[in-house]
Amino acid sequence: MNVEIDTSAFTEEAYELLSELEDSLLELEASPQDQELISRVFRAMHTIKGSGAMFGFDAVAEFTHEVETVFDMARNGTIPVTKPLIDLTLAARDQIRAMLDAAAGGEPADQANANRIIAGLRGLSPEKKGGGGSTAPAAPSGKAQAPSQAANEPHIFRIRFAPNPEIFATGTNPLLLLNELRELGECRVVANTEKLPDFEELDPEQCYTGWEIFLTTELGENAIHDVFIFVEDECDINIRLLDRDQVMRDQETTKKLGQILLERGDINPNELEKALMPLGDRLVQAGAVTPDKVRAALTEQQVIQEKQDKKKTAETATSVRVPSDKLDSLVDLVGELVTMQARLNQTAGTIGDHTLQLIAEEVERLTAELRDNTMSIRMLTIDTTFNKFKRLVRDLSTELGKEIELITSGGETELDKTVIDQLNDPLVHIIRNSIDHGVEAPDVRRACGKNPVGKITLSAIHSGASVLIRVTDDGAGLDAQRLRAKGIEKGLLSPDEEISEKEAFQLIFAAGFSTAAKITNVSGRGVGMDVVRRSIEGLRGSIDVTSTLGKGTTITLKLPLTLAIIEGLLVMVEGEYFVLPLAAVEECVELSRDDVDKAHGRHVINVRGEIIPYIRIRSRFEIGGTPPDIEQIVISEVDEKRIGFVVDKVVGQHQTVIKTLGKNFQHSEEFSGATILGNGGVALILDLNKMVRYVEEEEIRELDSP
Amino acid sequence: MNEKNTVTSSTQYLTFTLGSEVFAVDIAKIREVLEYTLVTKVPRTPGFMCGVINLRGSVVPVVDMRLKFGMEPREKSVNTCIIILEIAQDDGVVVMGALADSVREVMELEPDQIEPPPKIGMRLRSDFLKGMGKQEGRFIMILDIDRIFSVDELSSLQNAA
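Encoded structure:
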């Protein structure tokens, strides 16, 4: 009977390695000479093989071994990195993935495919010819790599810098030299003041101080000499590379203070022995060294120690793997804490006890910190998602006979894990569309005078509390006229209806809309963009299209940073509370009866010369009652336009923990959720984008049918 | 309640009233019964959607059973309560509240005490009912709560509202 081993740790790691492998391979395709990349591929394969065998995935290990063997040759320079090699390795990567899936209960992996890949890989190896001959040309590149790498490794230099007393006379300021050294790397300076005379005897025009500098730098010794180039004659300079000696070799032990002092010749062994117990102090007492020397030596020890510590931490705990449901429950708990804290604040305010209020404030501060920290744990960089598309673009463009280059930027942008998880499918749709409909075939591009290689740019940037993700292609662009014609054909528009270019672009989001002449297995079925739009709106985001005919199309997704907690503005209408997302709010102004009268029943207001339309929450939501004499308009930016929302009262900022309303309110799209207030009541969170869109649609309908 | 030697096939029901009529819900569906608290109305929803309440930190929708069954609305009283139900919707259990005039008791009904609902003369859609129970000469309407609270049923009218 087999012992049940939890293999999930392996499979999870393996999946991660596989995606890393894919990235490396694609990068390698762009720069096949990069030894570092080849090694990375090799290492990933090697790890999969090793841990696969350990966890009983023998088939995976065996298969991976074959691939690894070939890549080992590539690493040694026996065979060059070619496109067939990369193609095969990518196929092998998919095969490993399939094997893992099969082990997890998925469909069995195709053994014939595996054999084919192995045969292909074996065909690449020059073994039969005898590897010796072909080793020669590639070897130098491997060797050339080594010394340059060593130069990039940071080293610690000890610089003893003792200027002549007259150095000031030449106009040299030693401090500037020290600053220059600081620019070279991490720098620690200890002043050596033993030559400093008593105050009465001190000549201010003389320099009595010397310095010992411990510099951790990637640059060589020459760079340090360059700093002192003009003063070399006027001072004593002694530069020594510290860590090239045995220090780095026996990394575990840092040199003892006494040893350092001895080596530096500051004391002799007898003195050291006499004073061995509390070392630094004894030495000073015995007059063997000055306190400065001890200090310098201590600093030296510290610098080396720190460097080693840094190395160690980098090797060990850079990340902790935590199941995401644990994180989710943490976020839920923090959400509840935030709610409770709002309640505590309110209660403390009502009771009016000073001590209690102080505590409430402290709790508020802690809660806010805890919230930010928890949210940041859930933040992931988007580059993993981006990297997946490199493969998609590569495979799809080959399939469609197009040449397309994918450029990504802003991969380090962080987004909530939930958002990232749900972003994948919409982005796949958009990019597929760009590849299929956007970028033209190479001959068409050449005919248009464009670079035959198409370009798709995927970028992410922060913008306030949102992240903008843009997919730009340099393809054919959208044809507003054709879209309009298609819209009429589909019955979305009446034949005599004139629409703006922007409205025409919006048509691509209508369900069942496709202008593709023929349906490919990539896209053109018209079930793409409406789904994309729905899922983006499900994430409380928005989607926008701009396009120039013949130049290309840009699709911009605007997404919130997080789905769990937002900063909101709490407002009140006739005793009912609503929350507006604070990120969109620009200002609040008063709306008096006078203003209303002046507009002759039109819902617009003049704010510092700008005409701003507004929506009355009271009438929009059919809340009865009479408005107060002076109402408040919360002016927000919605779809790049300024729009006001009229409420009775603006209560203030509110930490809003978003709770979904659930499916039963799926048609109440004007609300993105609800939140719990300090008093235990519930306030609805307004989705301003949708509300404005609905109001626009309704008004157009009303005007059309008088 | 009155007999402890439960027959396996018998089921316990919670009964509640709307006006003078008595309704029953399978007790397995009920999480708890709350006193009436402030309900936040969600604008532009059908009238029977009372709104949402805060149930210990979660937002729970509440349906006014009177309005759902086409009865006249009524002033809230001390007996008005919210029955918190666990409804099986498409892909999981959803917690919802039902506003009732008052809650009466938990009772047991044997299968032979339950009859299929008549198709006509009920002033209530028969697909809302699982059956009719009898107790001391009175009828008890046993509700198919999953049906009444299904997504289709609750959101069908929302666009029109």
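Those sequence lines, one after another, are chains H and V. If you count by the working numbering, then the first sequence holds residues 1 to 706, one letter each, in order. If you count by the working numbering, then the second sequence holds residues 1001 to 1161, one letter each, in order. Quick reminder that beta carbons are idealized off the backbone N, C-alpha and C, glycines included.
Quiz item: If you measure from the beta carbon of P1043 (chain V) to each beta carbon in chain B, is any gap under 7 Å?
Solution: Although the question refers to chain B, the structure presented lacks it and instead comprises the protein chains H and V.
Quiz item: Can you name the residues of chain H whose CB is closer than 7 Å to the CB of V1062 (chain V)?
Solution: Those within 7 Å of V1062 (chain V) in chain H number zero; the least Cβ separation is about 10 Å.
Exercise. Just the C-alpha distance for L539 (chain H) and T418 (chain H), rounded to the nearest angstrom, thanks.
Key: 9 Å
Quiz item: Just reading off the beta strand (DSSP E) that Q1012 (chain V) is part of, what are its end residues?
Solution: 1011-1018
Quiz item: Is P1046 (chain V) closer than 7 Å to M1096 (chain V) when the C-beta atoms are compared?
Solution: no
Quiz item: Helix, strand or coil for T82 (chain H) per DSSP?
Solution: coil
Self-check item: Minimum C-alpha distance to S8 (chain H) - residue among H:M54, H:V647, H:R40
Solution: H:M54
Quiz item: Going by other Cβ atoms of all chains shown within 10 Å of its Cβ, with 16 needed for buried, is F199 (chain H) buried or exposed?
Solution: exposed
Quiz item: Can you name, in chain order, every residue of its own chain whose Cβ lies under 6 Å from the Cβ of P495 (chain H), other than the five neighbours on each side?
Solution: I488
Exercise. Compute the Euclidean distance between the alpha carbons of G1133 (chain V) and E1108 (chain V), then round it to the nearest angstrom.
Key: 10 Å
Self-check item: Buried versus exposed, by CB contacts within 10 Å (16 or more), F1139 (chain V)
Solution: exposed
Exercise. Give a yes or no on contact between the stretch 387-401 of chain H and the stretch 18-30 of chain H, applying the rule of three or more CB pairs nearer than 8 Å.
Key: yes
Exercise. Report yes or no: do three or more beta-carbon pairs, one from the stretch 111-128 of chain H and one from the stretch 78-93 of chain H, lie closer than 8 Å?
Key: yes
Exercise. Just tell me which of H:P165, H:I159, H:Q357, H:I267 has its CA closest to the CA of E348 (chain H).
Key: The sequence shown places Ala at residue 348 (chain H), not Glu. Nearest C-alpha to A348 (chain H): H:Q357.
Quiz item: Taking one C-beta from the stretch 473-489 of chain H and one from the stretch 569-579 of chain H each time, how about it: are there three or more such pairs within less than 8 Å?
Solution: no
Quiz item: Which partner residues does D1064 (chain V) have in the DSSP bridge list?
Solution: V:L1099
Quiz item: Taking all protein chains shown into account, do 16 or more other C-beta atoms lie within 10 angstroms of the C-beta of Q111 (chain H), making it buried, or fewer, making it exposed?
Solution: exposed
Quiz item: At a Cβ threshold of 7 Å, is G680 (chain H) touching chain V?
Solution: yes
Self-check item: Straight-line Cα distance separating A368 (chain H) from A360 (chain H)
Solution: 12 Å
Practice problem: Measure the alpha-carbon distance for S463 (chain H) versus K558 (chain H) and round it to whole angstroms. | Solution: 9 Å
Practice problem: Could you check how far apart the C-beta atoms of G438 (chain H) and A476 (chain H) are, in whole angstroms? I think they sit under 8 Å. | Solution: 6 Å
Quiz prompt | Residues of its chain near D236 (chain H), where Cβ-Cβ distance is below 6 Å and the 5 sequence neighbours each way are ignored | solution = A162
Exercise. For chain H, find out if any of its Cβ atoms is closer than 7 Å to the Cβ of T1080 (chain V); answer yes or no.
Key: no
Quiz item: If we count the other Cβ atoms within 10 Å of its Cβ and call it buried at 16 or more, is L493 (chain H) buried or exposed?
Solution: buried
Quiz item: Skipping 5 residues on each side, what residues in its chain have a beta carbon closer than 7 Å to that of T47 (chain H)?
Solution: L17
Exercise. List the residues of chain H whose Cβ lies closer than 7 Å to the Cβ of G1057 (chain V), in chain order.
Key: E336, T339, I676
Quiz item: Between the C-alpha atoms of A104 (chain H) and G52 (chain H), what's the straight-line distance to the nearest angstrom?
Solution: 13 Å
Quiz item: Should V331 (chain H) go down as buried or exposed, given a rule of 16 or more other Cβ atoms within 10 Å for buried?
Solution: buried
Practice problem: Decide if L1038 (chain V) is buried, meaning its Cβ has at least 16 other Cβ atoms within 10 Å, or exposed. | Solution: exposed
Quiz item: Which bits of chain V does F671 (chain H) rub up against, with CB to CB less than 8 Å?
Solution: V1042
Quiz item: Hey, quick one: how far does the alpha helix (DSSP H) through Q346 (chain H) stretch, first residue to last?
Solution: 324-351
Quiz item: Alpha carbon to alpha carbon, what distance is there between Q341 (chain H) and S672 (chain H)?
Solution: 23 Å
Exercise. From the DSSP output, in three-state form, read off K450 (chain H) for me.
Key: coil
Self-check item: is_contact[L1038 (chain V), chain H] using C-beta, thresh 7 Å
Solution: yes
Quiz item: For D704 (chain H), which of helix, strand or coil comes out of DSSP?
Solution: helix
Quiz item: By Cβ distance, which residues of its chain are closer than 6 Å to D23 (chain H), with the 5 residues on each side in sequence left out?
Solution: N387
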